[in-house]
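A short write-up of the structure that comes next.
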Ligand SMILES: [Zn+2]
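In this note's numbering, the protein residues as written are 715 to 796.
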């Protein structure tokens, strides 16, 4: 398994077409989870585990829980077209 590189290569993503940027996101996610079981993308369990490893947590604001991990995962699902 490759060493985890938690930083997304934002500078490299600039200047790319949306399709190329999505592919960069997919490769980054697969390289950092080792999982590509969903049409070449990581499953939710592996992706959310990666987010937790990166320090993304459920935060509480005004006593309302805000699940950042779920928010990011849902955004990724939208980006990948699910
Ligand atoms: Zn998985």
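Backbone N, C-alpha and C fix where the C-beta goes; we use that ideal spot for every residue, glycine too.
This structure is a prediction, so every number in the text was calculated from the model and none was measured.
Residue i to residue j span [Cα, whole Å]
i, j, result
"residue 756", "residue 734", "18 Å"
"residue 764", "residue 737", "18 Å"
"residue 783", "residue 762", "6 Å"
"residue 754", "residue 732", "18 Å"
"residue 742", "residue 786", "15 Å"
"residue 759", "residue 751", "11 Å"
"residue 779", "residue 790", "20 Å"
"residue 749", "residue 730", "24 Å"
"residue 781", "residue 766", "11 Å"
"residue 739", "residue 788", "14 Å"
Start-to-end residues for the alpha helix (DSSP H) that takes in residue i
i, result
"residue 747", "732-747"
"residue 783", "782-794"
"residue 729", "Run containing residue 729: none; DSSP gives neither H nor E here."
"residue 758", "758-767"
Check each residue's C-beta against every heavy atom of ligand 1 and list, in chain order, those closer than 7 Å. Listed along the chain, these residues meet the criterion: 747, 749, 751, 756, 757, 759 and 760.
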